[in-house]
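Engineer:
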Amino acid sequence: MSDFDTNKKAETGKILVQVKNLTHIYEGSHTPAVNDVSFHILEGETFGLVGESGCGKTTMGRMIVKLLDISSGSILFDGTDITHISSKEDLMKFRREAQIIFQDPYASLDPRKKVGDIVAEGIDTHHLAASREERNGRVKELLKTVGLDSSFISRYPHEFSGGQRQRVGIARALALKPRFIVCDEPISALDVSVQAQVVNLLKALQETKKLTYLFIAHDLSMVKYISDRIGVMYRGRLVELAPADELYNNPLHPYTKSLISAIPLPDPAAERTRRRQAYEYEENATGGELREVEPGHWLKAL
Ligand SMILES: Nc1ncnc2c1ncn2[C@@H]1O[C@H](COP(=O)(O)OP(=O)(O)O)[C@@H](O)[C@H]1O
Ligand SMILES: [Mg+2]
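For the sequence shown, position 57 matches number 394 in the working numbering, and the numbering has no gaps at all.
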């Protein structure tokens, strides 16, 4: 079995994030990086978003937290249309609700800043502490929450391992007490030996802080354990969406089948004979509409 906790969240039924026909075209590019994608994320759930490198996952995650322009389509957050918010005040308000954890904890932490200042970024920007003592007290509390020693506050990112750095990134994301966090491949850059620890930390935090996650990964091997529902992306499109178990046990899109065939099997004998199914897409002209083929199981026209 896996090292990962498998406590999936019961659905509350309330939609926190709603993405409608979302599209992003990078300047100078002809093909959209994200192409007419629609889905929703329920409050308290972990929504997994998987697909190979370059399929548009990061672009999607960054649009949802308003770090990247939306070319067309819309995003509702807790019922409010945030598609076009752009004033500093509105963005600051939104940042207190929605945060992101980046893929590469080496590149995403400013090497010239002390860990304490990195974690306190949001607290400082939003003037949330009345004094230096209060601010540092909260930073130490945040460090403790993610399993780091409070002495980290006055040290620099380069003094730490990848796993510790990613914990700093998680503490930074938690500082404003958000309700929603985009976890953009938070363990992909880490040693396998610490991946489970970081995932289990994220799961525990979700539990205690009532968080909703968009959890991005390039394969299904771990997401299938921690996600309530999973969306599969291919070349900018969402091609299949289903509850995690249903997607794993009854994949319908050939690309999803190919992703599942790439997951190593725990049984050595079975693993020796595992066959990787390749998938090459034949571009078709149909739009982004998904069809519900079974309750909760959505599939893009093949
Ligand atoms: N800043 C950028 N400028 C132009 N193209 C980009 C930029 N960032 C990403 N892309 C392109 O957009 C597509 C989707 O990228 P990305 O969202 O990073 O995919 P993923 O996170 O799934 O690996 C890729 O083809 C990538 O090359
Ligand atoms: Mg990415």
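C-beta atoms are modelled at their ideal positions from N, C-alpha and C, and glycine is treated no differently.
As a quick exercise: from 528, 414, 424, 558, pick the residue whose alpha carbon is nearest that of residue 434.
Structural biologist: Nearest to residue 434 by alpha-carbon distance, out of 528, 414, 424, 558, is 414.
Engineer: If you scan the segment 397-464 from start to end, which runs of the beta strand (DSSP E) of 3 or more residues do you find wholly inside it?
Structural biologist: 409-414, 435-438
Engineer: Shortest alpha-carbon distance to residue 642 belongs to which of 521, 538, 372, 527?
Structural biologist: The structure shown has nothing for residue 642, since the chain only spans 338 to 639.
Engineer: Which residue marks the beginning of the alpha helix (DSSP H) containing residue 393, and which one marks its end?
Structural biologist: Unbroken run through residue 393: none, as it is neither H nor E.
Engineer: Determine the DSSP secondary structure at residue 338, reduced to helix, strand or coil.
Structural biologist: Confidence in residue 338 is poor, its pLDDT being 39 and thus under 50, which makes the residue's placement unreliable; the coordinate value appears in the next sentence. The answer is coil: DSSP assigns residue 338 none of H, G, I, E or B.
Engineer: Counting C-beta neighbours from all protein chains within 10 Å, is the total for residue 353 16 or more, i.e. buried, or is it exposed?
Structural biologist: buried
Engineer: So, helix, strand or coil for residue 549, using DSSP?
Structural biologist: strand
Engineer: Judging by CA-CA distance, which residue of 425, 403, 426 is the nearest neighbour of residue 419?
Structural biologist: 403
Engineer: Quick one: give me the first and last residue of the beta strand (DSSP E) that residue 360 is part of.
Structural biologist: 352-361
Engineer: Taking residue 373 as part of the beta strand (DSSP E), name the residues at either end of that continuous run.
Structural biologist: For residue 373, the enclosing beta strand (DSSP E) has its first and last residue at 371-379.
Engineer: Would you please verify whether the beta carbon of residue 611 is less than 8 Å from any beta carbon of chain D?
Structural biologist: Here chain D cannot be found, since the structure has a single protein chain.
Engineer: In its own chain, which residues sit with a C-beta less than 7 Å from the C-beta of residue 622, not counting the 5 before and 5 after it?
Structural biologist: Bear in mind that the predicted position of residue 622 carries a pLDDT of just 47, short of 50, making it unreliable; the figure below should be weighed with that in mind. Result list for residue 622: empty, nothing under 7 Å.
Engineer: Per DSSP, residue 637 is paired with what?
Structural biologist: 627
Engineer: Which residue wins for smallest C-alpha separation from residue 557, given the options 410, 487, 602, 378?
Structural biologist: 602
Engineer: Mind listing which residues have their beta carbon within less than 5 Å of any non-hydrogen atom of ligand 1? Chain order is fine.
Structural biologist: 363, 370, 390, 391, 392, 393, 394, 395, 396
Engineer: For a test of your reading of the model: does the CB of residue 521 fall under 7 Å from any non-hydrogen atom of ligand 2? Yes or no.
Structural biologist: yes
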